[in-house]
Amino acid sequence: MRYWLMKSEPNVFGINHLEKVGTEPWDGVRNYQARNFMRDDMRVGDKVLFYHSNSKPSGVAGLAKVVRTGYPDHTSWDPESKYHDPKSTPETPRWFMVDLGYVSTFKQVVSLDEMRQAEDLADMVLLNRSRLSVQPVDKAHYDLIVAMGKNKR
DNA sequence: GCCAACGTTGGC
DNA sequence: GCCAACGTTGGC
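Here it is, written out as structure tokens:
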């Protein structure tokens with residue numbers, strides 16, 4: 010069992026959208042490190058912190074889980090898609106995605122500011138390499154953030 | 001909307 | 001293989 014943090018802009022696709030649809034293919038990731046995590050390391054049942062970026066406030070908004078392991082991102086070879094990459098083809102796909110399932114929504118977002126103030130979270134990837142949109146999370150960090158989210162109820 | 005951080009591209 | 005130019009992310 011591994012733990013992850015995945016970012017999304019809530020005005021594009023937030024935790025409420027995920028709740029509504031139940032399951033969502035995580036297409037459009039165009040960063041090699043993020044791709045490698047999805048393609049190689051994610052397993053069905055892995056737990057995911059669902060992070061709202063470009064938001065007020067930005068922070069973890071709820072929980073999700075991996076419901077399908079890595080498979081080629083078909084938007085990458087679709088010329089109509091905004092995620093089109095001419096170097097990716099069905100024969101040699103360059104980009105991969107997983108499917109995410111909805112788990113729960115925090116009563117209030119655990120904000121980036123709160124996480125920065127929590128000493129125990131200081132070495133989270135989020136707080137040190139902030140631009141990575143798919144990143145691994147330690148179990149202890151995951152558990153603490155879930156507790157912070159629950160304490161708001 | 002600004003802009004710093006940082007990942008990617010491509011000329012050499 | 002270096003590194004300048006460029007594009008994107010994401011907090012503010």
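For the first sequence, the working numbering gives the first residue as 10, with consecutive numbering after it. Beta carbons are placed, not taken as given, at the ideal position from N, Cα and C, and that holds for glycine.
- The distance from the Cβ of residue 12 to that of residue 151 is about 4 Å, consistent with a contact at the 8 Å cut-off.
- Residue burial is scored here from C-beta neighbours: residue 48 has at least 16 other C-beta atoms within 10 angstroms and is therefore classed as buried.
- The DSSP assignment places complete beta strand (DSSP E) segments of no fewer than 3 residues inside the segment 90–140 at 105–120, in order along the chain.
- Within a 10 Å sphere around the beta-carbon of residue 84 sit 16 or more other beta-carbons, which makes this residue buried.
- Residue environment analysis places residue 82 among the buried positions, since at least 16 neighbouring C-beta atoms fall within 10 angstroms of its C-beta.
- Beta-bridge pairing by DSSP links residue 59 to 15, 71.
- Shown here, residue 48 sits in a helix according to DSSP, grouped into three states.
- Taking residue 16 as reference, the option from 53, 110, 146, 62 with the minimal CA-CA separation is 62.
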